[in-house]
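*Asks:* Structure incoming, see below.
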Amino acid sequence: MTSSVQMVDKSGWEQARYGRRARDRLHSLRESGRLAVCVVRMAELLYSARDVAELSRLRLELGSFPYLHCSERAERQIEEVMSVLATRGQHHLPIPDLMLAAIAQAASATVLHYDSGYERIAAVTGQPHEWVVPRGSGHGGDGAE
């Protein structure tokens, strides 16, 4: 079962470029006001802008999304998750993924992704996460993750 608010990470967002299924899912969430962003998501998307005009358009577009702030609770969770994952030899995950997951959990949001790293994070936190499209079916169906 998913929470009412969902936050898509970069891997999930990229799937919308490859297939209608992911695109339709994100569009539906956006139209219902349930697709949120955070500082990590905003920074990743703005970084990808090709020029100032695209960056301005993205800022305007993303400004209409619900915004989840990084709380002290989220900051502490990043350290705790890395600590637990280190005992398993699995702490080398991208920092933006750890941050986005912590912000989402603090806000009781589900992370939408196309990245197995979120399964490792959720194994520690127990937080909700979902593949934006079934694992192995993204990137045009080539099975890449």
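Numbering (this note's numbering) for the sequence shown: 169 to 313. Using N, Cα and C, we set each Cβ at its ideal position, and we do this for glycine too.
Got a sec? Which residues, its chain only, sit under 6 angstroms from HIS297 by beta carbon, not counting five neighbours each side?
*Replies:* Cβ neighbours of HIS297 beyond the five flanking positions: VAL279, TYR286, ALA290.
*Asks:* For ALA277, which three-state DSSP category applies?
*Replies:* ALA277 falls in the coil class under three-state DSSP.
*Asks:* Under 7 angstroms from any heavy atom of the ligand GDP, does the C-beta of HIS297 make it?
*Replies:* Ligands in the displayed structure: none, and consequently the ligand GDP is not present.
*Asks:* Could you give the first and the last residue of the continuous alpha helix (DSSP H) run that contains GLN295?
*Replies:* Unbroken run through GLN295: none, as it is neither H nor E.
*Asks:* Opposite LEU203 in the DSSP bridges: which residues?
*Replies:* DSSP, once it has assigned bridges, lists GLN174 as partnering LEU203.
*Asks:* If contacts are defined as beta-carbon pairs under 8 angstroms, then VAL173 and ALA277 qualify, I think. What distance do you get, rounded to the angstrom?
*Replies:* Their Cβ separation, rounded to whole angstroms, is 4 angstroms, which keeps VAL173 and ALA277 in contact under 8 angstroms.
*Asks:* Rounding to the nearest angstrom, what Cα-Cα distance links GLY187 and HIS260 in this structure?
*Replies:* Going from the Cα of GLY187 to the Cα of HIS260 covers about 29 angstroms.
*Asks:* Does DSSP put LEU223 in a helix, a strand or coil?
*Replies:* Three-state DSSP puts LEU223 in a helix.
*Asks:* Whole angstroms are fine: how far does the CA of HIS307 sit from the CA of ARG193?
*Replies:* Using only the alpha carbons, I get a separation of about 15 angstroms.
*Asks:* Just to confirm, are LEU268 and ASP177 a CB contact at a threshold of 8 angstroms?
*Replies:* Cβ distance < 8 angstroms, so LEU268 and ASP177 count as in contact.
*Asks:* One question on the structure: do LEU226 and VAL205 come within less than 8 angstroms of each other, judged by their Cβ atoms?
*Replies:* Not in contact: LEU226 and VAL205 (Cβ atoms no closer than 8 angstroms).
*Asks:* Which residue wins for smallest C-alpha separation from PRO264, given the options CYS238, HIS195, VAL301?
*Replies:* The residue with the shortest Cα to Cα distance from PRO264 is CYS238.
*Asks:* Rounded to the nearest angstrom, what separates ARG191 and GLY294 at their Cα positions?
*Replies:* If I take the Cα positions, the gap works out to 27 angstroms.
*Asks:* Along the chain, where does the alpha helix (DSSP H) that runs through ARG241 open and close?
*Replies:* Per DSSP, ARG241 belongs to the alpha helix (DSSP H) from 240-255.
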